[in-house]
Amino acid sequence: MIPDIFGMVDGSTEVCYLHGRKLKCEKALGSDVQIRVPHSNAFIDLNKDFTADLFLSTRSKSGFEFETWINTDGNFTRNYTAKAPENVRQVGQSAFVDFDGDGSQDHLLPVCMDDVCTKSAIYLAKPGQPENVNHLQQVRKLCINDEEDDSALVLFLPSTRF
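In my numbering, the protein residues as written are 770 to 931.
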């Protein structure tokens with residue numbers, strides 16, 4: 770299967786995608802998991818096999834989470850679920866880039882440490898080995914903004930208006 774579009778039925782744990790120009794919905798998410806709004810899901814090659822895998826940004830009772838689904842011969846299988854870094858109050862839009870030129874897609878994650886985003890940070894998560902696509906295994910802060918130290922100003926808008 771070559772994925773075209775991905776979505777979720779409102780209030781359901783089913784995910785829907787186009788397959789051969791036909792809508793296909795399947796139960797995929799856990800019962801307490803919802804796709805985040807606004808989302809930052811991505812079709813992206815996570816394991817260097819030149820196929821489009823799926824990265825989901827979700828929210829559950831335990832907080833912000835990220836799921837990776839690996840595409841093997843057209844079938845998606847959940848590979849890993851990771852939580853956002855501790856003490857994060859709001860999560861921004863994920864971005865993927867080969868930050869260090871090693872051929873792997875690195876996960877950039879802007880976050881707010883408080884409700885009004887006066888304390889914010891950007892995290893860089895390096896993928897694990899090709900067999901283990903753990904995007905939050907090696908998390909480190911790239912930059913941080915603290916209201917008491919304005920030398921490196923990073924401003925994010927809180928997502929409460931979405």
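Note that beta-carbon positions come from the ideal geometry of N, C-alpha and C, so glycine has one too. Fair warning: this is a prediction, and the values are worked out from it, not measured in the lab.
With a cutoff of 9 Å on beta-carbon distance, M882 and R847 are scored as not near each other. In the DSSP annotation of this structure, the continuous segment of the beta strand (DSSP E) that includes P879 starts and ends at 875-881. Residue pairing of L825 in beta bridges, as defined by DSSP: E836. Looking at the backbone, the Cα of L825 and that of F835 are separated by about 6 Å. Rounded to whole angstroms, V860 and F819 show a C-alpha spacing of 28 Å.
Around the C-beta of K888, 16 or more other C-beta atoms lie within 10 Å, and the residue is accordingly described as buried. Residue pairing from DSSP places A811 in a beta bridge opposite F824.
F833 is the residue among Y786, K817, G789, F833 whose C-alpha sits nearest the C-alpha of H808. Within a 10 Å sphere around the beta-carbon of Q862 sit fewer than 16 other beta-carbons, which makes this residue exposed. Of all alpha-carbon atoms in R790, T827, F845, L893, the one lying nearest the alpha-carbon of N816 is that of F845. For R828, the closest C-alpha among the options W838, A851, I804, I839 is that of I804. Setting aside the 5 residues that flank it on each side, N810 is surrounded in the same chain by F775, I804, L823, F824, L825, S826, each with a C-beta closer than 8 Å to its C-beta; the list follows chain order.
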